[in-house]
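For reference, the structure is listed below as structure tokens.
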Amino acid sequence: MEKKTKETKPVVSIRHAKKYFLAGRHLFRPSDYVKAVDDVSFDIMPGETVGLVGESGCGKSTLARTVIRIYEPSAGGIFYHGADISHLSNARLRPFRTKMQMIFQDPYASLNPRYTVGEIIGEPMQIAHMGGKDEREGRVQKLLQQVGLKPDHISRYPHEFSGGQRQRIGIARTLALDPDFIICDEPISALDVSIQAQIINLLEKIQDENGLSYLFIAHDLTMVRHISHKIGVMYLGHLLEFGDADEVYENPLHPYTRALISAAPVPDPEQARTRHRIKLTGEVPSPIHAPAGCPFCTRCPECRPECLLAPPVMANQNGHKVACYKYV
Amino acid sequence: MLQKSEFFNPIDKSEQDSEFIAMEPRSFWHDVWDRFRSNRRALIGLIVLLFIVLLAVLGPLFSPYPYDGMGTEVNCGPGAAHWFGTDALGRDLFTRVLYGIRISLFVGFVSTLINCAIGVLYGGVAGYVGGRVDAVMMRFVDVLYAVPSLLYIILLMMMFGSNVGSIMVGMCISGWVGIARLMRTQVISLKGREYVLAAYTEGAGPARILFKHMFSNAMSPILVQATLAIPQAIFQEAFLSFIGMGISAPQASLGTLAQDARMYMAIYPHQMVCPIAMICIIIFALNFISEGLSEALDPTNSR
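Residue numbers (our numbering), protein chains in the order written: chain A, 448 to 775; chain B, 372 to 674.
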């Protein structure tokens, strides 16, 4: 009994997380804030991949950076195995840093150009005072092999590698400390399609081998569906829908999710011509002056009067959560 | 109909080496040196400078004359016994010029080194911490910058006497300001880079991020600035010596030598030409090196 409850406890819980950035101070009225992440809650279970989708600027990356504590949340809590890490100082975060890692979007910017691959991958171990020099070098070589590179690449510099190879170096770096949770912030969007599949397969292989949990952020809806167990849809800093990947794709509840899925390109031209596309009008509102009601109310085809007044609360429909007045 | 094998062939053995990189591993500094070497002017500048440094360091050991030893042959012209002639007190000018180069180069290099160390540390901390700390630190820099440096150099000279130490202290009081500003802007622009964030998520402390990750990438413009600052410092020292605020006798820098020769300029021009020509050669060499470095460090900068 004890064991079972332990297994079902989430690796990472996000509870009403908010991240506001100061956008401007005023003398006679309250300061302006960019509400990059506004009241987002969900759990990530062991061995599970949670995909986050949403258009550019909806707060996916900010949420990721808040979870890994590059940013400090303005309100709400980030829990790692039940421990609240939302406001820990840098020094007290250090033990958690070894267990949570992040893969960055741009493989050309995420590796320090002045250091060799061995130094880059070995650095987390050096910071954590793990093993001696030879021990670390052996582990770096093993990691290089695990991500499909050669052990003798250890003395090479990042500029000698292609984008896909660099991303694999980035992945090897995150694995150095044997974490159980990795945030992938659009790890494939800077790569060409053939390489994207390689990286995704590598990520899946590593998940199987090391029993990792991922928070996977991407634009590519089909890729997200392929890799994720659960999917969260974000819009203007809010989480609009959250549920099992297939469930969200097969049976999208929120009008925004429907529009998003219908906008994804379909490979079959015949099907693409005949399918029904929900076209949204207008622009995403500024996150500084977000609507008072539902964040999507300005563009929603099914907007009702009550949507303009207050943001809807998350409704839970058998584990498929949605924030919309239609389902309250 | 096509056979399956026409679509699918077993991959060649060589495909297994697809991750092989034929080139030798090359570091950034390796590339910089190659580019620097291919710039002829910069290379000549470097060779000339190294030669002059060698001369200044080793030359006096082989010279038969001490730099402050007076002789009976006064004001003689350049010849076999005295290559640059002698001055009004019968001192061998060549030996004195060598000693002058020593002092000038020492002042130039050491003051620049100190300025760089202070500037990098100060600007790095200001840029990294940011916010109010940064604002206060940079206002202090503005204050220092607003006071003409000649003012406190002369003040220091009067308090502590005319020697190499007080010249250096004077040049280092505000000399680091430029480097500090440069380092600060570099650090601010590097702050958002993903490899810096990656180091942060690995648990790296501020010192590690600042000096390991940021400094290695901010170094190029600072190095160029520093190679430009050396001739500036040499010039400043020569200028101070020339107006009589520099090194005191019997020691001499290139500036004091020129100052000493000023009175006899019309009669014995070589006494003035020798130290001044030496200053020119050093400055030219350093400027060529600096130009070559800036092109080698950032190839997109080159014409």
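The beta-carbon is built from N, C-alpha and C at its ideal position, and this holds for glycine as well. Keep in mind that this is a model prediction, so the values were computed, not measured.
C-beta neighbour in chain B for residue i, strict 8 Å
| i | result |
| --- | --- |
| E570(A) | yes |
| T545(A) | yes |
| I397(A) | For residue 397(A) there is no data in the structure shown, the boundaries of chain A being 448 and 775. |
| M761(A) | no |
| E607(A) | yes |
| Y696(A) | no |
| F551(A) | yes |
| I642(A) | no |
| R586(A) | no |
| L727(A) | no |
| Q548(A) | yes |
| I525(A) | no |
| Y661(A) | no |
| I461(A) | no |
| Y467(A) | no |
| I574(A) | yes |
| K677(A) | no |
8 Å Cβ cutoff, residue i in contact with chain A
| i | result |
| --- | --- |
| N588(B) | yes |
| S398(B) | yes |
| Y499(B) | no |
| R564(B) | yes |
| G574(B) | yes |
| A578(B) | no |
| S661(B) | no |
| L392(B) | Looking at the sequence itself, residue 392(B) is Ile, so the reference to Leu does not match. Yes, because at least one Cβ of chain A sits closer than 8 Å to the Cβ of I392(B). |
| Y470(B) | no |
| L668(B) | no |
| L568(B) | yes |
Backbone secondary structure at residue i - three-state DSSP
| i | result |
| --- | --- |
| K451(A) | Low local confidence applies: a pLDDT of 41 at K451(A) is under 50, so the model's placement there is unreliable, with the coordinate-based value given in what follows. K451(A): helix per DSSP, three-state reduction. |
| C747(A) | coil |
| E688(A) | strand |
| N763(A) | strand |
| H606(A) | helix |
| S733(A) | coil |
| G524(A) | strand |
| R674(B) | The predicted model places R674(B) with a pLDDT of 47, which falls under 50 and marks its position as unreliable; any figure quoted below should be read in that light. Note: R674(B) maps to coil in three-state DSSP. |
| Y661(A) | strand |
| I660(B) | helix |
| A739(A) | coil |
| A464(A) | strand |
| F455(B) | coil |
| I474(B) | helix |
| F675(B) | What the structure shows of chain B is the stretch from 372 to 674, and residue 675(B) is not part of that stretch, so it cannot be assessed. |
| D485(A) | strand |
| I515(A) | coil |
| A530(A) | strand |
| I485(B) | helix |
| D581(A) | helix |
| V769(A) | strand |
| I580(B) | helix |
DSSP beta-bridge partners of residue i
| i | result |
| --- | --- |
| V680(A) | V500(A), E688(A) |
| Q841(A) | Nothing can be reported for residue 841(A): it is not among the residues displayed for chain A, which extend from 448 to 775. |
| L563(A) | Residue identity differs from the one stated: residue 563(A) is Thr in this sequence, not Leu. Answer by DSSP bridge pairing: none, since T563(A) is not bridged. |
| Y480(A) | L469(A) |
| R397(B) | R397(B) is not bridged to any residue. |
| A706(A) | DSSP lists no partner for A706(A). |
Whole-Å CB distance - residue i paired with residue j, under 8 Å assumed
| i | j | result |
| --- | --- | --- |
| S661(B) | L568(B) | The Cβ separation is near 33 Å, so there is no contact. |
| G498(B) | D505(B) | 7 Å |
| L625(B) | I472(B) | 7 Å |
| C505(A) | M681(A) | 5 Å |
| I674(A) | L649(A) | Rounded, the Cβ-Cβ distance is 11 Å, inconsistent with contact. |
| V458(A) | D627(A) | 6 Å |
| S482(B) | M529(B) | Incorrect: roughly 20 Å between the Cβ atoms, too far for contact. |
| I574(A) | G574(B) | 5 Å |
| P742(A) | P758(A) | 7 Å |
| S602(A) | G565(A) | 6 Å |
| A604(B) | M542(B) | 6 Å |
Beta-carbon neighbours of residue i, restricted to chain D and to distances below 7 Å
| i | result |
| --- | --- |
| H584(B) | Annotation note: the requested chain D is absent from the structure, which comprises protein chains A and B. |
The stretch 611 to 626 of chain B touching the stretch 558 to 571 of chain B, judged by at least three CB pairs closer than 8 Å: no
Stretch pair the stretch 546 to 559 of chain A + the stretch 626 to 638 of chain A: three plus CB contacts closer than 8 Å: yes
The stretch 648 to 657 of chain B / the stretch 389 to 405 of chain B touching (three or more Cβ pairs under 8 Å): By the Cβ rule, the stretch 648 to 657 of chain B does not count as touching the stretch 389 to 405 of chain B, because fewer than three pairs are nearer than 8 Å.
At least three beta-carbon pairs within less than 8 Å, the stretch 758 to 772 of chain A to the stretch 684 to 693 of chain A: yes
contact_flag[the stretch 484 to 502 of chain A, the stretch 664 to 678 of chain A] where n(CB pairs < 8 Å) is 3 or more: When Cβ pairs closer than 8 Å are counted between the two stretches, the stretch 484 to 502 of chain A is seen to touch the stretch 664 to 678 of chain A, the count reaching three or more.
Touch test, the stretch 506 to 516 of chain A against the stretch 482 to 496 of chain A, Cβ-Cβ under 8 Å, three pairs minimum: yes
Validate contact between the stretch 579 to 593 of chain B and the stretch 514 to 525 of chain B using beta carbons, cut 8 Å, 3 pairs: no
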